[in-house]
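The listed protein sequences derive, respectively, from chains A and B. Each position in the first sequence, counted from 1, maps to that position plus 6 in the working numbering. Each position in the second sequence, counted from 1, maps to that position plus 71 in the working numbering. Glycine included, each C-beta is placed from N, C-alpha and C at the ideal position. Remember, it's a predicted structure, so these values are computed and weren't measured experimentally.
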Amino acid sequence: MKRSAMLWYTLGAVVLVAVWEGIVRWRNVRRFVLLKPSEMVSTFADDPGFYLDHVWVTARHVGVGLAISLAVSVVFGAVLAAWPALEAASQPLLVLIMVTPWVAYITSVVLWLGSGTPSIVFLVAFVTVPAFVYATVAGMRSADPAARELFASIDAGPAEVLWRLRLPAALPSLFTAARFNVGLGLAAAYYSEGSAFTRAGLGAIGKRAANANQGAALWTTICCAALLGIAAQFLVLLAERWLLRWHASQRLSPVP
Amino acid sequence: MLRAVEGLANTTRRAPATTRILCHDDALTRGSLPSAKMGRVSIRGVAKQFGPRAALGPVDLDIEPGSVVTVLGPSGCGKTTLLRLIAGLERPSAGLVRLGDEPPLAARHGKRIGFVPQSPALLPWRTVEANARLLQDVNRGANPAYLPDAVELLERVGLGEFRDALPHELSGGMQQRVGLVRAFALGAPYLLMDEPFAALDEITRAEMRHLLDELRGGTGATVVFVTHSLAEAVFLSDRVVVMSARPGRIVGDVAIDLPRPRTPDVEDDPAFFAYETELRRILREGLQRSVAAG
Numbered sequence: 007m008k009r010s011a012m013l014w015y016t017l018g019a020v021v022l023v024a025v026w027e028g029i030v031r032w033r034n035v036r037r038f039v040l041l042k043p044s045e046m047v048s049t050f051a052d053d054p055g056f057y058l059d060h061v062w063v064t065a066r067h068v069g070v071g072l073a074i075s076l077a078v079s080v081v082f083g084a085v086l087a088a089w090p091a092l093e094a095a096s097q098p099l100l101v102l103i104m105v106t107p108w109v110a111y112i113t114s115v116v117l118w119l120g121s122g123t124p125s126i127v128f129l130v131a132f133v134t135v136p137a138f139v140y141a142t143v144a145g146m147r148s149a150d151p152a153a154r155e156l157f158a159s160i161d162a163g164p165a166e167v168l169w170r171l172r173l174p175a176a177l178p179s180l181f182t183a184a185r186f187n188v189g190l191g192l193a194a195a196y197y198s199e200g201s202a203f204t205r206a207g208l209g210a211i212g213k214r215a216a217n218a219n220q221g222a223a224l225w226t227t228i229c230c231a232a233l234l235g236i237a238a239q240f241l242v243l244l245a246e247r248w249l250l251r252w253h254a255s256q257r258l259s260p261v262p
Numbered sequence: 072m073l074r075a076v077e078g079l080a081n082t083t084r085r086a087p088a089t090t091r092i093l094c095h096d097d098a099l100t101r102g103s104l105p106s107a108k109m110g111r112v113s114i115r116g117v118a119k120q121f122g123p124r125a126a127l128g129p130v131d132l133d134i135e136p137g138s139v140v141t142v143l144g145p146s147g148c149g150k151t152t153l154l155r156l157i158a159g160l161e162r163p164s165a166g167l168v169r170l171g172d173e174p175p176l177a178a179r180h181g182k183r184i185g186f187v188p189q190s191p192a193l194l195p196w197r198t199v200e201a202n203a204r205l206l207q208d209v210n211r212g213a214n215p216a217y218l219p220d221a222v223e224l225l226e227r228v229g230l231g232e233f234r235d236a237l238p239h240e241l242s243g244g245m246q247q248r249v250g251l252v253r254a255f256a257l258g259a260p261y262l263l264m265d266e267p268f269a270a271l272d273e274i275t276r277a278e279m280r281h282l283l284d285e286l287r288g289g290t291g292a293t294v295v296f297v298t299h300s301l302a303e304a305v306f307l308s309d310r311v312v313v314m315s316a317r318p319g320r321i322v323g324d325v326a327i328d329l330p331r332p333r334t335p336d337v338e339d340d341p342a343f344f345a346y347e348t349e350l351r352r353i354l355r356e357g358l359q360r361s362v363a364a365g
């Protein structure tokens with residue numbers, strides 16, 4: 007990011023927090039509806055270790071879930087990219103996963119997989135699969151046809167075509183899907199932590215705070231989840247900068 | 072003592088590229104490869120249909136080992152199809168293609184075909200050097216015993232400084248030079264080139280054909296080159312085969328008897344113009360005949 011852009015970014019953040027703080031103070035909003043940023047900071051500062059422990063638990067749920075989802079999707083997507091009939095046949099499943107509200111069936115998942123981590127990680131992985139699969143299929147199909155012929159001209163095996171040509175070609179769309187899935191995965195983790203009869207994770211303490219009518223604690227978990235999401239987006243961005251430095255999207259535009 | 076050994080290591084590493092390529096040439100003639108007919112391309116009654124449409128032939132063509140044959144024809148005449156049939160990327164609807172005495176699929180399997188596509192088809196995530204090595208790196212098991220040094224080849228085409236650059240940092244001509252090096256780095260006995268300079272400007276095109284001729288000298292490879300440029304055909308070839316409009320048939324076969332090695336000034340020679348004129352006449356006749364027939 008250029009220095010001037012960084013300056014505007016920081017200014018935007020400061021104004022956002024200031025307006026937020028101002029509205030809550032001025033309109034005297036109830037704590038449960040919206041908490042002042044300053045109060046989130048002080049709630050967090052009262053017991054930072056407690057909140058950080060739960061941030062770490064949620065981060066693990068999201069991280070493990072997304073890693074499983076990505077691995078499954080790349081394998082699944084590679085098969086679908088090579089086999090159009092199967093791609094068509096798997097559309098109902100993928101669309102169903104995408105459109106069905108996971109909030110509604112989380113209880114059934116918990117009943118099936120038990121309380122705690124297994125259900126949470128499953129849900130994170132399950133809901134993020136479609137975006138990764140679509141990205142893999144589209145990306146692998148977009149591999150340069152001339153390069154594919156070149157590989158064919160020396161009789162390259164399917165594994166090598168996949169590894170050296172199709173997978174790198176799928177990276178740009180996979181990163182786009184990853185940005186989207188980080189938000190989705192975090193939401194799925196937070197909500198399922200609150201529903202999976204567990205005591206660990208931001209969602210679990212958020213739910214308890216809500217039940218106990220503790221607005222300050224609830225909003226502090228929301229704030230922690232948001233910061234976790236920003237950090238995760240930043241990690242994706244860094245990985246993208248590094249792995250896609252050859253791609254047009256990562257080059258500075260010559261036209262201002 | 073140590074220094075002497077180091078010196079020796081250095082000299083081996085820096086052996087001139089021509090020596091390397093001659094080594095590879097030796098391997099070809101020594102019979103370590105499948106056949107004594109290595110390098111010959113035979114095409115017998117080959118025709119290709121795409122659905123109801125006839126795209127090519129039937130075509131008969133014999134190409135001598137180590138020679139450069141250009142297939143010249145109007146666009147859409149099926150010359151690219153002919154090249155793809157030789158490369159085994161397409162199966163003929165009728166007839167037989169042999170490289171040496173093996174079918175194209177076997178030649179592909181043994182990495183004996185260096186293919187240069189129309190677009191450079193460089194992998195954008197690989198550096199120039201890694202792109203030049205691509206055909207060496209893929210399907211390694213089938214590599215020949217002697218592989219030309221990709222870095223030396225890059226230096227010969229003037230891209231030594233750009234080894235670590237990414238393809239998008241190169242001009243179109245430079246990218247196609249990497250495409251040539253990638254094919255030559257395979258040390259293959261057959262080089263099949265599909266209008267590789269078609270997208271380049273006239274000045275770069277001329278530069279590229281001179282460079283290609285220089286790279287090829289000494290490799291002993293059989294080259295089949297597809298183009299619609301008369302100057303390219305005359306400059307590069309031992310023989311030019313002219314095709315009619317679709318469905319392509321061979322309507323002319325001209326031996327280019329210009330001395331080798333050829334230098335760029337051969338293009339100012341009256342004999343060069345005479346060949347161009349003759350090829351243009353055959354092309355025109357081929358077109359008229361197909362218009363009359365169609």
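For a Cβ distance threshold of 7 Å, nothing in chain A lies close to residue 270 (chain B): the least Cβ distance comes to about 12 Å. Beyond the five residues adjoining it in sequence on each side, residue 200 (chain A) comes within less than 7 Å, by CB distance, of 209, 210, 212 and 213 in the same chain, given in chain order. When B:217, B:324 and B:193 are compared, the shortest CA-CA separation from residue 256 (chain B) is found for B:217. Residue state for residue 355 (chain B) is assigned as helix, using DSSP reduced to three classes. Note on geometry: alpha-carbon atoms of residue 38 (chain A) and residue 233 (chain A) lie some 20 Å from one another.
For residue 158 (chain A), the closest Cβ of chain B is nearer than 9 Å.
Residue contact with chain B for residue 145 (chain A): absent (no Cβ-Cβ distance below 9 Å to any residue of chain B).
Listed along chain A are 152, each with a C-beta nearer than 7 Å to that of residue 190 (chain B). The beta carbon of residue 184 (chain B) falls within 9 Å of a beta carbon belonging to chain A, placing the residue at that interface. In this structure, the beta-carbon distance from residue 294 (chain B) to residue 117 (chain B) does not fall below 9 Å.
Taken in chain order, the unbroken stretches of beta strand (DSSP E) that lie wholly in the stretch 103-174 of chain B and span 3 residues or more are 112-121, 124-134, 139-143 and 165-170. Under the three-state reduction of DSSP output, residue 261 (chain B) falls in the strand class. Three or more beta-carbon pairs drawn from the stretch 64-77 of chain A and the stretch 180-191 of chain A are found closer than 8 Å, and the two stretches are therefore classed as touching. Annotation: the continuous alpha helix (DSSP H) that includes residue 235 (chain A) extends over 221-249. Neighbourhood of residue 180 (chain B) in chain A, by CB distance below 8 Å: 161, in chain order.
In the displayed model, residue 328 (chain B) falls within coil according to three-state DSSP, outside both helix and strand. Assignment of beta-bridge partners to residue 80 (chain A) by DSSP yields no partner. Residue state for residue 298 (chain B) is assigned as strand, using DSSP reduced to three classes. Boundaries of the beta strand (DSSP E) harbouring residue 185 (chain B): 184-187, taken from the DSSP string.
Residue 353 (chain B) and residue 181 (chain B) have their C-alpha atoms roughly 37 Å apart.
Close partners of residue 163 (chain B) in chain A (Cβ separation under 7 Å) are lacking, with about 17 Å as the shortest Cβ gap. Ranked by Cα distance from residue 220 (chain B), the options B:290, B:261 and B:187 are led by B:290. When secondary structure is reduced to three states using DSSP, residue 134 (chain A) falls in the helix class.
At least 9 Å separates the CB of residue 244 (chain A) from every CB of chain B. Taking a cut-off of 8 Å for Cβ pairs, the stretch 142-152 of chain B and the stretch 298-315 of chain B touch, as three or more such pairs fall below it. Sequence-distant partners of residue 119 (chain A) (beyond 5 residues in either direction) whose C-beta falls short of 7 Å from its own C-beta, in its chain, are 125 and 128. Contact between the stretch 125-134 of chain B and the stretch 320-332 of chain B is present: three or more C-beta pairs spanning the two stretches fall below 8 Å. For residue 174 (chain A), at least one C-beta of chain B is nearer than 9 Å to its own C-beta. Within its own chain, the residues whose Cβ lies closer than 6 Å to the Cβ of residue 176 (chain A), once the five positions on either side in sequence are excluded, are 142, 145 and 146, listed in chain order. At least one CB atom of chain A sits nearer than 9 Å to the CB of residue 209 (chain B). Interface annotation, residue 248 (chain A): not in contact with chain B, CB-CB separation never under 9 Å. In the displayed model, residue 105 (chain A) falls within a helix according to three-state DSSP. Of all alpha-carbon atoms in B:266, B:244 and B:288, the one lying nearest the alpha-carbon of residue 274 (chain B) is that of B:244. When DSSP states are grouped into helix, strand and coil, residue 248 (chain B) belongs to the helix group. Taking 9 Å as the CB threshold, residue 254 (chain A) lines the interface with chain B. Counting other Cβ atoms within 10 Å of its Cβ, residue 49 (chain A) reaches 16 or more and is therefore classed as buried.
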